[in-house]
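Numbering (the numbering used here), first residue to last: 11 to 709.
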């Protein structure tokens, strides 16, 4: 019988811009209050002194229910559904600004957003806003808990579900991190990454399962403790318990410094970093974009300070109540298994440099060779050029279908200072874009009282999962700056997954699970043909009653004669007749709000043998080419989501491959004749031993 094992001096920003001649921008022309004008801190150390602030007191966690209605919007890329705008954690006294949102790399139902919060018991902190059900409800608080929070939140979730927030210090200068093991409910004390004057950090994690450094996480920032600040990096292998020694990514170009960095990991574990290179004196215009690449887990980098030219908008928007803006680049990478896998996208805002016009526009460039070369610039926003309208603070997300989504502030429909938010989406690799308005209300940005000159936050956020793009921005429509969000749904045109991509879950599916994940991808493929992988649910190890699911993205509604087809393999465990494993097929016609059982497949020994069985009983099961069987189920008309729900009976592994939704011809009655085969003799009876023949019809 087998045995199973269960396994500060704090500095002031005075923002500036390129040398523009029109009145809506105001560049900075001198250093103020004897502090470094290049930095982009949220507060002025001369007006907010840590010694004068009361101690932080942890607040109660609150819960918000997201709206469930949507507005359908027609775009050149098809119809999208935009949710109403809502606040992740409404409040009347605490401002929330400088937003970032990220998702769990393995479970898209879990997302984590953060913000700068002020005043929280009189001081600065970082907000925590979390959903564990795909955005249906959000819980959070405006006070992280541990002291010495100084702004610039750079959050991530690693492969083990550890929440990490990187940030600046407040009472003590430097770069710090906190970690949470309970989805952001409680936080461990600060871990110092580096001391001294630092600025503008963002972070990412290596969630590429094929990577040699899978699970390593990175934070990048500008080192203002050095005279000519470069970009620096540190990494953690243990969920931010400890961090590596700080290393510089680049040496800043002559007459410039490096600021406004972002980082992402490629599909094979490549570490990419981008940054702006502002000129070294007022007005500190972003002059060109830098880029660096590491192929050894961040140990060494090849860098280039100038991969393409910029003409940034850094400064104060005079027509928008003097808020400060920037052209810091943001980056993302196509991690799908589509034709553009590995493509890198960088977005910025610029002015008076083609294809941007005489007002601030959003610009995208892409690389299809790992950053060696870069495309010409593409103007993202599709309003008429040179119309006097503003687009600024972009962020970018490549979603699970390979769509390139850029989110930003926009006033194409209004007169400044009134603003809205827009998202532009490309489904052809960033060559063309279609725009959709995200915010359902207008707002008039203005500096946040008590904080740095012009400050209302320096970046906003975007993430994706479950066929939805989640946009996260700050606005003051409620009376004070708050963290607002809305989702934009897109529809998967066709569903067909052969698990060839090394990423798991694959780009056309998500997982529903808690605790240990027992689904995974393996090299075996059905019948040994037609692909290079399959999915396995490890019932061999999963405790009895464990239920975990593979779920398709939302797709076009099924028409008549639409079928779900897949191949599966299963062998009962020889150790017991009560170990019944099952695979339940469920369908939804409302995008996953509710499901109906379409079929139940179970497998086991003796009287419990069922339609899941395809091979003789044995020990832990890895199928041979001949041990697969096809399954086909007619889908109810209107089906737009499929769930394969596995339940462990602590029996044996369930294997699935080639899951497709497809329209097939009407069924035709037919028959197959097979001649008798066996051992023949020359006299009657002519056959002595008959063979057993198994016939497979493979689509």
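For every residue, glycine included, the Cβ atom is placed at its ideal position computed from N, Cα and C.
Alpha carbon to alpha carbon, how far is residue 677 from residue 647? On the chain shown, residue 677 is found 667 positions in, with the first residue counted as 1. On the chain shown, residue 647 is found 637 positions in, with the first residue counted as 1. Roughly 17 Å between the two C-alpha positions.
In angstroms with no decimal places, state the Cα-to-Cα distance between residue 469 and residue 643. Numbered from 1 along the chain shown, position 459 holds the residue referred to as residue 469. Numbered from 1 along the chain shown, position 633 holds the residue referred to as residue 643. Straight-line Cα distance between these residues: approximately 48 Å.
*asked:* Quick check: the Cα distance between residue 344 and residue 590, rounded to an integer number of angstroms?
replied: In the chain shown, counting from the first residue as 1, residue 344 sits at position 334. In the chain shown, counting from the first residue as 1, residue 590 sits at position 580. Taking the straight line from one Cα to the other gives about 40 Å.
Simplified DSSP state of residue 75, which is helix, strand or coil:
In the chain shown, counting from the first residue as 1, residue 75 sits at position 65. In the structure shown, residue 75 falls within a strand segment according to DSSP collapsed to helix, strand and coil.
Could you tell me the alpha carbon to alpha carbon distance between residue 452 and residue 496, rounded to whole angstroms? Numbered from its first residue, the chain shown carries residue 452 at position 442. Numbered from its first residue, the chain shown carries residue 496 at position 486. Spanning the alpha carbons of residue 452 and residue 496 requires a straight line of approximately 14 Å.
For residue 431 and residue 403, I'd like the C-alpha separation in whole angstroms.
In the chain shown, the residue the question calls residue 431 occupies position 421. In the chain shown, the residue the question calls residue 403 occupies position 393. Whole-angstrom Cα-Cα distance: 10 Å.
- Query: Where does residue 200 fall in DSSP's three states?
  - Reply: Within the chain shown, numbered from 1, the residue matching residue 200 stands at position 190. Here residue 200 sits in coil by DSSP.
Checklist entry - So what does DSSP say about residue 242, is it helix, strand or coil? => result In the chain shown, residue 242 corresponds to position 232, counting from 1. The three-state secondary structure of residue 242, taken from DSSP, is strand.
### alpha helix (DSSP H) segments (min. 4 residues) lying fully within the region 607-673
With a minimum length of 4 residues, no continuous alpha helix (DSSP H) run stays inside the region 607-673.
task = Along the beta strand (DSSP E) that carries residue 267, what are the first and last residues, could you check?
result = By one-based count along the chain shown, residue 267 stands at place 257. First-last for residue 267: undefined, no H or E at that position.
Look up residue 712 in the DSSP assignment and say whether it is helix, strand or coil. Examination of residue 712 is not possible in this model, given that the chain is present from 11 through 709 alone.
Leaving out five residues on either side along the sequence, give the residues of the same chain with a beta carbon under 8 Å from the beta carbon of residue 79. Numbered from 1 along the chain shown, position 69 holds the residue referred to as residue 79. Excluding positions up to five away in sequence, the list reads 93, 94.
Measure the Cβ-Cβ separation of residue 190 and residue 166 and say whether it is below 8 Å.
Counting from one through the chain shown, the residue named residue 190 turns up at place 180. Counting from one through the chain shown, the residue named residue 166 turns up at place 156. Against a cut-off of 8 Å, the Cβ pair of residue 166 and residue 190 comes out as no contact.
| Cβ-based neighbour list, residue 694, same chain, cut-off 6 Å, excluding 5 preceding and 5 following | Along the chain shown, read from residue 1 onward, the residue named residue 694 stands at position 684. Residues of the same chain with a CB within less than 6 Å of the CB of residue 694, apart from the 5 flanking positions on each side, do not exist.
In whole angstroms, give me the CA-to-CA distance for residue 204 and residue 158. Against the chain shown, residue 204 aligns to sequence position 194. Against the chain shown, residue 158 aligns to sequence position 148. Roughly 14 Å separates the two Cα atoms.
Practice problem: For residue 408, name the three-state secondary structure that DSSP assigns. | Solution: In the chain shown, the residue the question calls residue 408 occupies position 398. In this structure, residue 408 counts as strand in the three-state DSSP scheme.
Residue closest to residue 155, alpha-carbon to alpha-carbon, out of 169, 142, 136, 144
Position 145 of the chain shown holds residue 155. For the residues 169, 142, 136, 144, the minimum Cα distance to residue 155 belongs to 136.
For a test of the three-state rule: what should DSSP assign to residue 150, helix, strand or coil? For the purposes of this step, residue 150 is taken as the residue at position 140 of the chain shown. Strand, per DSSP.
Discussion item. Give me the residue from 77, 75, 194 with the minimum Cα distance to residue 123.
Written reply: Taking the chain shown and counting its residues from 1, the one referred to as residue 123 is at position 113. Just measuring C-alpha positions, the residue of 77, 75, 194 sitting nearest residue 123 is 194.
Cβ shell of residue 421 (< 6 Å), same chain only, five flanking positions each side left out:
Within the chain shown, residue 421 is the residue found at index 411, counting from 1. Taking residue 421 as the centre and dropping the five residues before and after it, the same chain places the C-beta of 399, 400, 429 closer than 6 Å to its C-beta, in chain order.
7 Å Cβ shell around residue 427 - same chain, five flanking residues per side excluded
Your numbering for residue 427 matches position 417 in the chain shown. The beta carbon of residue 427 sits closer than 7 Å to those of 329, 330, 331, 454, 455, all from its chain and outside the five residues before and after it, given in chain order.
Where does the unbroken beta strand (DSSP E) through residue 574 begin, and where does it stop? Translated into positions along the chain shown, residue 574 becomes position 564. Residue 574 -> beta strand (DSSP E) spans 572-580.
Hey, is the region 106-114 in contact with the region 456-467, meaning 3+ C-beta pairs nearer than 8 Å? Yes, they touch.
Where residue 164 falls: helix, strand or coil (DSSP)
Walking along the chain shown from the start, residue 164 turns up at place 154. Residue 164 carries a strand assignment under DSSP once its states are collapsed to helix, strand and coil.
- Query: Got a sec? Which residues, its chain only, sit under 7 Å from residue 507 by beta carbon, not counting five neighbours each side?
  - Reply: Indexing the chain shown from 1 puts residue 507 at position 497. For residue 507, where only same-chain residues beyond five positions count, the Cβ hits under 7 Å are 516, 518, 519, 669.
For residue 693, which of helix, strand or coil comes out of DSSP? The sequence position of residue 693 within the chain shown is 683, counting from 1. Judged by DSSP in its simplified three-state form, residue 693 adopts coil rather than helix or strand.
Discussion item. Taking the alpha-carbon of residue 570 as reference, which of 674, 578, 529 has the nearest alpha-carbon?
Written reply: As a first step, residue 570 is located in the chain shown; it is residue number 560 there, counting from the start. Nearest C-alpha to residue 570: 674.
Q) Given 8 Å as the limit, is there contact between the region 304-317 and the region 331-342, that is, 3 or more CB pairs closer than that? A) Judged by Cβ distances under 8 Å, the region 304-317 makes no contact with the region 331-342, as fewer than three pairs qualify.
Query - Buried/exposed call for residue 561, threshold 16 Cβ in 10 Å - result: Reading the chain shown from its first residue, position 551 is the one you call residue 561. Note on residue 561: 16 or more other CB atoms within 10 angstroms of its CB, so buried under the neighbour-count rule.
*asked:* Can you look up residue 300 in the DSSP assignment and give me helix, strand or coil?
replied: Position 290 of the chain shown, counted from the first residue, corresponds to residue 300. In the structure shown, residue 300 falls within a strand segment according to DSSP collapsed to helix, strand and coil.
**Prompt:** Helix, strand or coil: which one does DSSP assign to residue 330?
**Reply:** As a position in the chain shown, residue 330 is number 320, starting the count at 1. Three-state result, residue 330: helix.
Proximity winner among 351, 374, 347, relative to residue 359 (alpha-carbon distances): Stepping through the chain shown from its first residue, residue 359 is reached at position 349. Here the closest residue by C-alpha is 374.
Close Cβ partners of residue 661 (< 6 Å) along its chain, the five nearest in sequence each way excluded: Looking up residue 661 in the chain shown gives position 651. So the qualifying residues of the chain are 549, 583, 589, 591.
Exercise. Would a C-beta distance cut-off of 8 Å place residue 281 and residue 304 closer than the cut-off?
Worked result: Residue numbering aside, residue 281 sits at position 271 when the chain shown is read from its first letter. Residue numbering aside, residue 304 sits at position 294 when the chain shown is read from its first letter. With a cutoff of 8 Å on beta-carbon distance, residue 281 and residue 304 are scored as near each other.
_For residue 340, list the residues DSSP reports as bridge partners._
Numbered from 1 along the chain shown, position 330 holds the residue referred to as residue 340. Per DSSP, 357.
- Message: Could you compute how far the alpha carbon of residue 514 sits from the alpha carbon of residue 116?
- Response: By one-based count along the chain shown, residue 514 stands at place 504. By one-based count along the chain shown, residue 116 stands at place 106. Approximately 8 Å between the Cα atoms of the pair.
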